[in-house]
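See below for the structure under consideration.
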Amino acid sequence: KQPARAAPQGPQKIPGVAHLIAVASGKGGVGKSTVSANLACALAQLGRRVGLLDADVYGPSQPRMLGVSGRPASPDGKTILPLRNHGVTMMSIGLMTNEDQAVVWRGPMLMGALQQMMMQVQWGALDVLIVDLPPGTGDVQMTLAQKAQVDGAVIVSTPQDVALLDARKGLDMFKQLNVPILGMIENMSTHICSNCGHEEHVFGHGGVAAEAEKLGVPLLAEIPLDLSIRLAADGGAPIVVSQPDGPQAQAFRAVAEAL
Ligand code: ADP
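Using the UniProt record's numbering, count along the sequence shown one by one with no gaps and you end on 343.
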């Protein structure tokens with residue numbers, strides 16, 4: 085038997101993971117999961133060994149977006165084998181519950197599940213692990229930053245004022261947790277009508293660029309509100325995979341290259 089050791093203090097490296105990047109948003113529904121899935125697939129296309137941990141406990145959408153299903157196996161009863169698709173190794177809290185089952189776990193259970201997904205999953209050797217966080221500034225973000233070494237955070241926001249205000253809180257939280265902000269992504273930036281090509285700024289435009297400049301962090305991309313992005317995400321093959329030569333895929337690959 086191993087002698088009992090004192091619990092390790094402070095953030096730990098996840099075994100085998102070279103870089104851990106959190107994708108965060110202040111508000112829900114701004115496209116954080118869509119961005120996470122596309123970034124992960126773009127990194128895989130660039131030849132990186134990439135994992136995606138879906139920690140969005142209140143609305144895990146990565147199984148659907150990456151087109152994986154089924155309960156992950158645990159042959160030794162201790163560690164969990166992740167699933168894999170589009171070159172991305174993935175694990176989601178959504179694979180531990182039914183898709184239509186609301187997560188009504190209490191805080192400690194949630195934190196236990198998060199820690200299990202970080203430390204007990206056989207991630208293997210990864211260049212990058214992307215963590216799709218729940219929206220806001222809650223327990224999951226705190227636990228992640230306290231338990232694991234987070235190398236950087238990407239903040240996703242729409243140009244709309246409310247989403248921006250919330251994103252600012254997120255930036256503040258990561259600063260307090262000593263997590264470097266890699267940059268912001270403006271999602272749903274411009275809508276181009278698939279019928280007539282008319283360009284419209286449904287949620288305003290340029291708000292995130294202005295905010296990023298004010299805060300002194302890079303604006304990594306402006307992703308349009310595009311029906312094909314939504315259809316691809318719902319179909320289990322993100323736009324980067326389903327239309328790899330399109331402008332959206334190129335935008336995501338440019339971000340992936342910069343990470
Ligand atoms: P979040 O993770 O921030 O809650 P999601 O990534 O789940 O947001 O996106 C919410 C919805 O909006 C999903 O149906 C998704 O397919 C869609 N969506 C996200 N980004 C875009 C975009 N740029 N263009 C079109 N639809 C998008």
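Yeah, the Cβ is synthetic: ideal placement off N, Cα and C, and Gly gets one too.
None of the values given here were measured: they were computed from a predicted structure.
For Gly-291, the enclosing alpha helix (DSSP H) starts and ends at 291-299. For Gly-178, no alpha helix (DSSP H) encloses it, and the DSSP letter there is neither H nor E. Within 7 Å of the C-beta of Val-114 there is at least one heavy atom belonging to ligand 1. Under the three-pair Cβ rule at 8 Å, the stretch 196-205 does not count as touching the stretch 235-243. Residue burial is scored here from C-beta neighbours: Gln-332 has at least 16 other C-beta atoms within 10 angstroms and is therefore classed as buried. In the three-state reduction of the DSSP assignment, Gln-96 falls in the strand class.
The alpha-carbon of Pro-95 is positioned some 14 Å away from that of Ile-105.
Distance from the C-beta of Ile-313 to the nearest heavy atom of ligand 1 is below 7 Å. Under the three-state reduction of DSSP, Ala-106 is assigned to strand.
The C-beta of Ala-340 has 16 or more other C-beta atoms within 10 Å across all chains shown, which makes the residue buried.
About 6 Å separates the beta carbon of Asp-216 from that of Gln-146, a gap short enough to meet the 8 Å contact definition. Closest by C-alpha distance to Ala-342, out of Leu-136, Leu-123, Gly-112 and Gly-115, is Leu-123. For Ala-317, the distance from the CB to the nearest heavy atom of ligand 1 is below 7 Å. A direct Cα-Cα distance of roughly 22 Å separates Lys-116 from Lys-231.
The criterion of a C-beta distance shorter than 8 Å is satisfied by Gly-135 and Met-174. The residue from Glu-295, Ala-157 and Leu-228 with its alpha-carbon nearest to that of Asp-245 is Glu-295. Relative to the Cα of Ala-305, the nearest Cα in the group Lys-162, Ile-276 and Gly-291 belongs to Gly-291.
The residues Val-141, Val-187, Asp-223 and Val-224, in chain order, have a CB closer than 8 Å to that of Leu-194 in the same chain once the five nearest residues on each side in sequence are set aside.
Boundaries of the beta strand (DSSP E) around Ala-305: 303-309. Counting along the chain, the unbroken beta strand (DSSP E) around Gly-135 starts and ends at 134-138.
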